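Residues in the sequence shown are numbered consecutively from 1, following the UniProt record's numbering. See structure below.
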Amino acid sequence: MTQHEHPVQTPPRAPSPVHRFGTLAVHAGAPHDPHTGAVIEAISLSTTFAQTAVGQPVGAYEYTRSSNPNRDNFENAVAALEHARYALAFSSGSATTAIVLQSLAAGSHVVSVSDVYGGTHRYFTKVAAAHGVHVTFTPSIELDIEELIRPETKLIWIESPSNPTLSLVDIRAIATAAHKHGILVVVDNTFLSPYVQNPLDHGADIVVHSVTKYINGHSDVLMGVAAFNSDALKERLTFLQNAIGAVPSAFDSWLAHRGLKTLHLRAREATTNATSVAQALEASPNVIAVNYPGLNSHRQRAIAIKQHRKGMGGGMLSFRIKGGKEAAERFCQHTKIFTLAESLGGVESLCEVPSSMTHAGIPKEQREAAGVFDDLVRLSCGIEDAEDLTADALQALEKAVSGAKVNGVNGHA
Ligand SMILES: *Cc1c(COP(=O)(O)O)cnc(C)c1O
Numbered sequence: 001m002t003q004h005e006h007p008v009q010t011p012p013r014a015p016s017p018v019h020r021f022g023t024l025a026v027h028a029g030a031p032h033d034p035h036t037g038a039v040i041e042a043i044s045l046s047t048t049f050a051q052t053a054v055g056q057p058v059g060a061y062e063y064t065r066s067s068n069p070n071r072d073n074f075e076n077a078v079a080a081l082e083h084a085r086y087a088l089a090f091s092s093g094s095a096t097t098a099i100v101l102q103s104l105a106a107g108s109h110v111v112s113v114s115d116v117y118g119g120t121h122r123y124f125t126k127v128a129a130a131h132g133v134h135v136t137f138t139p140s141i142e143l144d145i146e147e148l149i150r151p152e153t154k155l156i157w158i159e160s161p162s163n164p165t166l167s168l169v170d171i172r173a174i175a176t177a178a179h180k181h182g183i184l185v186v187v188d189n190t191f192l193s194p195y196v197q198n199p200l201d202h203g204a205d206i207v208v209h210s211v212t213k214y215i216n217g218h219s220d221v222l223m224g225v226a227a228f229n230s231d232a233l234k235e236r237l238t239f240l241q242n243a244i245g246a247v248p249s250a251f252d253s254w255l256a257h258r259g260l261k262t263l264h265l266r267a268r269e270a271t272t273n274a275t276s277v278a279q280a281l282e283a284s285p286n287v288i289a290v291n292y293p294g295l296n297s298h299r300q301r302a303i304a305i306k307q308h309r310k311g312m313g314g315g316m317l318s319f320r321i322k323g324g325k326e327a328a329e330r331f332c333q334h335t336k337i338f339t340l341a342e343s344l345g346g347v348e349s350l351c352e353v354p355s356s357m358t359h360a361g362i363p364k365e366q367r368e369a370a371g372v373f374d375d376l377v378r379l380s381c382g383i384e385d386a387e388d389l390t391a392d393a394l395q396a397l398e399k400a401v402s403g404a405k406v407n408g409v410n411g412h413a
């Protein structure tokens, strides 16, 4: 290391939890009410909290934007599950991304993997530049990280697995390279949830989630969270959380906390279901390729085995269907259990065509370079029964592909 490079000071890590994931999911950040004994926390809707003298609030709270009991409890629970010392909740996953980017000084440079969540790509390309932060995208970060780092590079942004092609990044390898130059590594862990992967354990500095997906898990709350170990980040991001005010309501914090208590059960079931569907699709002559990190055929299966709990693949997969865009669209209309809709990570299974829906905003050339072809279908497996989901996917596949033959759409099938 040369003298002008500043290594990241490794912050103290969170103490190793005594209990395992399921126990923490149910009990972390869930104290009984000391006054009533209520086992489930009350929803604290009050926006302001009484003070006994000027500057002397009765308890820990003054004004709800700065902090409130429900948000605190949710943040404590996420911190425990991500093996972090701190977690901060925001009004959405997108607000979380925005605040992490806004914590950088004007003139900072960021390196990001190419196939990030569509909204993240939009923020990086259309908003960050307005406050002088510039982002370089790379489809092969493990290979070219050293070349892409500039003196002003401050952050590396990873999604693993990526959306919607489910490619993986070796977090430890990137963190090791980044830390030599004093650069922080952020991992968007939305697709796996803290049950399947804990990025801080692999050297990441910040882990972010769209809580809207697996953590809440019931498709009825929009929220985000960031978790980390460093005191300096705690100070800066807490300041921005309050100053910008993109915070979740007490009610949403309570709902998301309720959802999180069953995360381990849902994540296991979603993995079982996605594995079954992925295997069935892979065996079908109507499928060109399946992207699922739980399959041995996944090109980066070794990373999944190293980084994911028991090598689990999670609930998300995507596949290329024979018959092009039309077949992909027909597939999503023929499913009876998978609902055609954006989003993911809920108890109910969803399907979508990224090129015309979630990733429509990314120019076609860039999209295809990242593997997002028009015939790609993305599935979010919920917690229904594996047999039913697999049968549903196979019957929709059959109809979608034979439809192309019958109607001769595009002349290929
Ligand atoms: C949904 C999503 C986001 C954005 O979260 P919102 O809660 O919708 O703002 C960010 N990253 C990933 C991977 C997502 O799936």
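For every residue, glycine included, the Cβ atom is placed at its ideal position computed from N, Cα and C. Just so it is clear, the structure is predicted and the values come from calculations on it, not from any experiment.
Item	Value
How would you label Ala393, buried or exposed, when you count the other beta carbons within 10 angstroms and need 16 or more for buried?	buried
Which of the three DSSP states is assigned to Cys332 in this structure?	helix
Look up Asn291 in the DSSP assignment and say whether it is helix, strand or coil.	strand
Could you check what DSSP says for Phe124 in three-state terms: helix, strand or coil?	helix
With 16 as the cutoff for other CB atoms within 10 Å, does Arg13 come out buried or exposed?	exposed
Assuming Leu240 contacts Gln102 (C-beta within less than 8 angstroms), just tell me the rounded distance between them.	6 angstroms
With a threshold of 7 angstroms (Cβ to nearest heavy atom), would Glu159 be considered close to ligand 1?	yes
Quick one: residues in its chain with C-beta nearer than 8 angstroms to the C-beta of Glu62, no 5 flanking neighbours on either side, listed in chain order?	Thr48, Phe49 and Gln51
Measure the alpha-carbon distance for Leu265 versus Arg150 and round it to whole angstroms.	43 angstroms
Listed in chain order, which residues are found with a beta carbon closer than 7 angstroms to a heavy atom of ligand 1?	Ser92, Gly93, Ser94, Ala95, Thr97, Tyr117, Gly119, Thr120, Glu159, Asn163, Asp188, Thr190, Phe191, Ser210, Val211, Thr212, Lys213, Leu222, Met223, Gly224, Ser343 and Leu344
Express the C-alpha separation of Ala289 and Ala79 in angstroms, rounding to a whole number.	37 angstroms
DSSP three-state call for Arg320: helix, strand or coil?	strand
How should Phe251 be labelled, buried or exposed, when 16 other C-beta atoms within 10 angstroms of its C-beta is the threshold for buried?	exposed
Got a sec? Which residues, its chain only, sit under 8 angstroms from Pro161 by beta carbon, not counting five neighbours each side?	Ser167, Leu168, Phe191, Leu192, Pro293, Gly314 and Met316
With 16 as the cutoff for other CB atoms within 10 Å, does Gly55 come out buried or exposed?	exposed
When the Cα atoms are used, what is the spatial distance from Lys126 to Pro363?	14 angstroms
May I ask which residues mark the beginning and end of the alpha helix (DSSP H) holding Ile392?	Inspection of the sequence shows that residue 392 is occupied by Asp rather than by Ile. Unbroken alpha helix (DSSP H) run through Asp392: Ala386 to Asn407.
Where does Asp144 fall in DSSP's three states?	helix
Quick one: which unbroken beta strand (DSSP E) runs of 3-plus residues sit fully inside the region 186 to 229? Chain order, please.	206 to 210 and 224 to 228
With which residues is Gln56 paired in a DSSP beta bridge?	Ala53
Using 10 angstroms around the beta-carbon of His115, count the other beta-carbons present and answer buried if the total reaches 16, otherwise exposed.	The displayed chain sequence assigns Asp, not His, to residue 115. Burial call: buried.
Have a look at Ala84 and Pro15 and give me their C-alpha separation to the nearest angstrom.	9 angstroms
So what does Cys351 bridge to, in DSSP terms?	Leu340 and Leu379
Comparing C-alpha positions only, which one of Glu75, Cys381 and Leu397 sits nearest to Thr275?	Cys381
What residue range does the alpha helix (DSSP H) around Ala250 cover?	Ala250 to Leu260
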